[in-house]
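Chains as they are written, first to last, in the working numbering: chain U, 308 to 654; chain C, 308 to 654; chain V, 1145 to 1392; chain R, 1145 to 1392.
For reference, the structure discussed in these notes is given below.
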Ligand SMILES: Cc1cc2nc3c(=O)[nH]c(=O)nc-3n(C[C@H](O)[C@H](O)[C@H](O)COP(=O)(O)OP(=O)(O)OC[C@H]3O[C@@H](n4cnc5c(N)ncnc54)[C@H](O)[C@@H]3O)c2cc1C
Ligand SMILES: Cc1cc2nc3c(=O)[nH]c(=O)nc-3n(C[C@H](O)[C@H](O)[C@H](O)COP(=O)(O)OP(=O)(O)OC[C@H]3O[C@@H](n4cnc5c(N)ncnc54)[C@H](O)[C@@H]3O)c2cc1C
Ligand SMILES: Cc1cc2nc3c(=O)[nH]c(=O)nc-3n(C[C@H](O)[C@H](O)[C@H](O)COP(=O)(O)O)c2cc1C
Ligand SMILES: Cc1cc2nc3c(=O)[nH]c(=O)nc-3n(C[C@H](O)[C@H](O)[C@H](O)COP(=O)(O)O)c2cc1C
Ligand code: FES
Ligand code: FES
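Structure below.
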């Protein structure tokens, strides 16, 4: 879903970004930057002193299942070239215990919390969704899937969440099958597509010598995901939320430029938490309505508005990227052509 | 295809590894380590002084099409986290010119050359395969596909190569769809599966500021590909050749352990060519028949045979990797249980 | 827990494989760092290594806010290098009231995690014995204070005089490779049960030197299988009462 | 072309953004390195950066086999650091017989690629003028020999006195950002055509400072769009006769 992102006014004096299907299941946040599932625990308070959480649009909780799950056996973290492999087993004390422990904090926090539900059995997903809606603390449910999920399973899991709750549903698609599955998800009632869950891989733990299977994280995820976000956002009629390897404000902007309505930050949260706030502050200025004088893509800390304008006018444009001879590649999305209309332009 | 790799004797006093379907389209090489397409040009002589090419099992040429192709416009290399994005446009002067220029060198070389054919139109692939077989210089054809190839296109391309030549056909599958496509490829006459072509991605060139689409390379490819090699090798009845992010002898061994018959080295060839030779020397010792006293997986330069034996006996085994509670992951392949029978064991 | 800057003021080689880094910390909260706690450090702009390193203090000079970090010599650091620090990670080791004899055991694993505790215990007049088994025997002890009794053993689990030592000790801290922690900590428990009538609570603590991806309790990758499945090394570790662990 | 080791013997800051590294090379073949050629260097065990860096010599002392490398100060190198070197990459610049007046132009781009040529030309008694336009004006010229005439210009393509200089020059080398190479090199050709009757072959060479992934001709990522589509910067570059380029 490209273009015309909906901005229906301002809340807390800021912007409003509708990250799910408009209508009954609409979910509006005021900054397009969230923290992805598993990165900040069940309530993000662990990051209270590291990130100004108020600057974020939302935080997605760690995975929650109806039944308690124990941690994985054996090695759980394996460093790989420029990143790492993580295999946790998605441990959690079960939905009721999570709610008991965290729902007060969820309700107190002015930052929207989205619950990540692990898609186990139909019945358990229904109960989990019911309990989460009943807790009153979360504004939406993000549904996670197995990496090798089949279309029928995806549909059944979506049905189960909808049976259990009336919260907006964000569906997190696996990287490798996102292009094949997004349309089914859209038709089956997902209110937003999160592209993508990190791919699974296998590598050898250097400490124990064992092979470990798990999710893969690192900055190199970004180009893999960006391509797919561009392909899906071109066609989808519900919002796309990009997730994968964001490490700089420019990474986040590239996703927005490719048509994502919002972004989720993953492992950067651990390796450089301060930068998560910088990205949220930067993207917070992304005025998606392009109001008078707003510069969508040119914010740098310390750069005054007039300087931005001057710099923008003085820049000689690089030649347009020509498509390669016979290999059609998704063209970069045209930048919004609206010219800045701020009167200071004329100075 | 796991287990019992075929070793039918020795050539040049070394090992013999059958990397394609047995029978009419059998292709045998004497070291399981090859260089992947695009990494060493059309005849590998550029690496003559950097790698002892004699140690390699084979080299795959850069992509060849019937018609000449020019280079891509715009930026072609973008550094990404721990790797790079490459968009060349697969330039080549066309099959006839490639053959004119390189076939003498191919025939002279004692190292087997495999031609990589770009799957363009049916007619052009037929002609390209005909010309390459006619050149007499190549021992097999590796067929490359678009990243988003459809099953019918894959089948048609395979048919076209077979119509044009009787050379063994290695099919290089795209990373994201390898798990979905390998069976069709096997049934449609591929003689080996190369898993996988690097994924395509999109990222911003820091020099020009342009978005560029291209193939992604780096060490983090290995865990992504290893998982898929394990899944496919478990089931396929034709040999699987692993390709993706190999940077150490252990990376290559992990692929062999996952069921690959041979491996292709990609970008390491550029960043550390000397290591390609080390890997070939190391894996050259991988006696796949487990002859008397052979240690499949314990070679280190400078370590004598007796020391290896002693070390092996003294090692206390790590506890077996237990599967995670509810998340079945492809279990690591059981190591070959054949005990070493070398009499020095008893010393 | 906060993110702050720190400066490497000095580096010193203490053995063929180990170096000490004098780390001047800017965050005064880190002046309270206790034996057992550690820091998550990013020492380079590079993304290799990608995850923060877990730096273990072996000493602290509160006058100048300088921590001594013990680090393998797998990388060179320059005096003046600035690093980003998140910490402190975990809880300090708890010494039981009245524990005057400490037994510290590094089983085939570097004793680094025990050194700060040892130094503070000595300063406070406690008697300390350090047992180094397996490869830990190669740890450079020249720099340790002479008052510490050091026992070496080729054998990994047992050591000469282990029975007597387990009898007189008021409290025991063991570290070993996380790969073998379960079986080896169980073996130490057996030794102790053989040696003495009762094993009081907290008598035997095992240290779990796991990789710490987040350090905030968020990733749950550092969970130790306790009876409640609630032991996160980065929050309530790195030491756990061996009596409280789940047995598989 | 071979892979060999080299040692950084000394580092020297030559301006706010530039340093010179004295690189002792072990491979004597590199003693033949000519202006225009460069090295593919891996200076770290880390995989960040992943691709080898392209190091450009600005001088060579054959007595001690030491190359001077000009490098941006985006990283610190220590004296004694060993690096892995593949090279030489590309062809040396060809000076036409009888060319006594060289005009070297850095258009809004660092002149590093021109410095070695400039030094050798001066040594051989040629007259050299160096034109620095746009951001190249900020290049630190204090270290350059006084005999070189240096001209600065705010404007990127043209500069004060360009007509005269293009008239008296026997040969011209231009460098600019590869992003703008096509349009800017065309503009220089226009200037030259305006300034003089005939443009002999090889009169105007443009330098293409492209990223060099392989340096061996294997990857074809460094192909310049010549009439034959056969110009690889790493084999027959980095300088190409502007008259031979394909125009889009
Ligand atoms: C016409 C116009 C166009 C704008 N365009 C953009 C734009 O394209 N992108 C954009 O990000 N903002 C833009 N802004 C500013 C934006 O609206 C916010 O004011 C800005 O991002 C700070 O938001 P905040 O609520 O965090 O500020 P506050 O809560 O007021 O925070 C202010 C504090 O945060 C620090 N801070 C603010 N931004 C950053 C940052 N990026 N990195 C580190 N520290 C920071 C400041 O130094 C200051 O100390 C624009 C503003 C105007 C008036
Ligand atoms: C019982 C037995 C078991 C063996 N098991 C293994 C095994 O598991 N794995 C294995 O790789 N080899 C094994 N080998 C050795 C293997 O068969 C080869 O002899 C060895 O790999 C060298 O091969 P080559 O043809 O390159 O040797 P040569 O051409 O004779 O080359 C020898 C030169 O290459 C150097 N060299 C050899 N190997 C390496 C290396 N790995 N890295 C860097 N330099 C090297 C040597 O230092 C020497 O200078 C085994 C040999 C025996 C007898
Ligand atoms: C039944 C089932 C449900 C799953 N649901 C989720 C999920 O909700 N979120 C998620 O990230 N991964 C989910 N996964 C699984 C992923 O493929 C992977 O197993 C998961 O990310 C576990 O991560 P780990 O590697 O840390 O154990 C599920 C797997 C199974 C078997
Ligand atoms: C008709 C067609 C055929 C292709 N065949 C191949 C091929 O044989 N080998 C290959 O690596 N990529 C092939 N690709 C394409 C990949 O998706 C990608 O375009 C190719 O790797 C080009 O690489 P580049 O990014 O360097 O331009 C083909 C693409 C098209 C459109
Ligand atoms: S390191 Fe992440 S929870 Fe402990
Ligand atoms: S850099 Fe690879 S061909 Fe020139």
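Where is the CB? At the ideal position from N, CA and C, for every residue including glycine.
How many whole angstroms separate the CB atoms of residue i and residue j, which I take to be in contact at a CB cut-off of 8 Å?
i, j, result
"residue 1384 of chain R", "residue 1349 of chain R", "7 Å"
"residue 251 of chain C", "residue 406 of chain C", "The structure shown does not extend to residue 251 of chain C, since chain C spans only 308 to 654, so no value can be given for it."
"residue 1180 of chain V", "residue 1234 of chain V", "6 Å"
"residue 561 of chain U", "residue 511 of chain C", "6 Å"
"residue 502 of chain U", "residue 480 of chain U", "6 Å"
Is there a C-beta anywhere in chain C that falls below 8 Å from the one on residue i?
i, result
"residue 509 of chain U", "yes"
"residue 571 of chain U", "no"
"residue 523 of chain U", "yes"
"residue 331 of chain U", "no"
"residue 452 of chain U", "no"
"residue 1147 of chain R", "yes"
"residue 531 of chain U", "yes"
"residue 401 of chain U", "no"
"residue 327 of chain U", "no"
Taking 8 Å as the threshold (beta carbon to beta carbon), is residue i in contact with chain V?
i, result
"residue 608 of chain U", "Confidence is the limiting factor: at residue 608 of chain U the pLDDT is only 32, short of 50, which leaves the residue's position unreliable and the question unanswerable from this model."
"residue 395 of chain U", "yes"
"residue 408 of chain U", "no"
At a CB-CB cut-off below 9 Å, which residues of chain D make contact with residue i?
i, result
"residue 370 of chain C", "Considering every chain present, this structure includes no chain D. Its protein chains are U, C, V and R."
Shorter than 8 Å from the beta carbon of residue i to some beta carbon of chain U?
i, result
"residue 1323 of chain V", "yes"
"residue 1216 of chain V", "no"
"residue 1365 of chain V", "yes"
"residue 483 of chain C", "yes"
"residue 1369 of chain V", "yes"
"residue 561 of chain C", "yes"
"residue 557 of chain C", "yes"
"residue 534 of chain C", "yes"
"residue 506 of chain C", "yes"
"residue 527 of chain C", "yes"
"residue 551 of chain C", "no"
"residue 345 of chain C", "no"
"residue 591 of chain C", "no"
What residues are listed by DSSP as bridge partners for residue i?
i, result
"residue 1366 of chain R", "DSSP lists no partner for residue 1366 of chain R."
"residue 1155 of chain R", "R/1165"
"residue 1249 of chain V", "V/1275, V/1318"
"residue 535 of chain U", "Beta-bridge pairing links residue 535 of chain U to no other residue."
"residue 1212 of chain V", "V/1166, V/1203"
"residue 399 of chain C", "C/376"
Return no unless some Cβ of chain R is closer than 8 Å to the Cβ of residue i.
i, result
"residue 514 of chain C", "yes"
For residue i, is the beta carbon positioned less than 7 Å from some heavy atom of ligand 7?
i, result
"residue 1287 of chain R", "In the structure on display, ligand 7 does not appear, and the ligands it does have are ligand 1, ligand 2, ligand 3, ligand 4, ligand 5 and ligand 6."
TODO: Would you list, in chain order, the members of the region 1291 to 1306 of chain R that have their beta-carbon closer than 9 Å to a beta-carbon of chain V?
DONE: none
Task: chain R contacts made by the region 1183 to 1203 of chain V, where a contact means CB separation under 7 Å - done: Residues of the region 1183 to 1203 of chain V with a C-beta less than 7 Å from any C-beta of chain R: 1190, 1191, 1192, listed in chain order.
Task: Within 7 Å of chain R by C-beta, residues of the region 349 to 365 of chain C in sequence order - done: 353, 354, 356, 357
Task: Interfacial residues, the region 1340 to 1362 of chain V to chain U, with Cβ spacing under 7 Å - done: 1355, 1357, 1358, 1360, 1361, 1362
- [ ] Name, going along the chain, the residues of the region 374 to 391 of chain U whose beta-carbon falls closer than 7 Å to a beta-carbon of chain C.
- [x] 376, 377, 379, 380, 381, 387, 388, 389, 390
Open item on the list: Please enumerate, following chain order, all residues with a beta carbon closer than 6 Å to at least one heavy atom belonging to ligand 5.
Closed with: V/1356, V/1357, V/1358, V/1359, V/1361, V/1362, V/1363, V/1364, V/1365, V/1366, V/1376, V/1377, V/1378
TODO: May I ask you to list, following chain order, the residues of the region 430 to 453 of chain U that have a beta carbon less than 9 Å from some beta carbon of chain C?
DONE: 453
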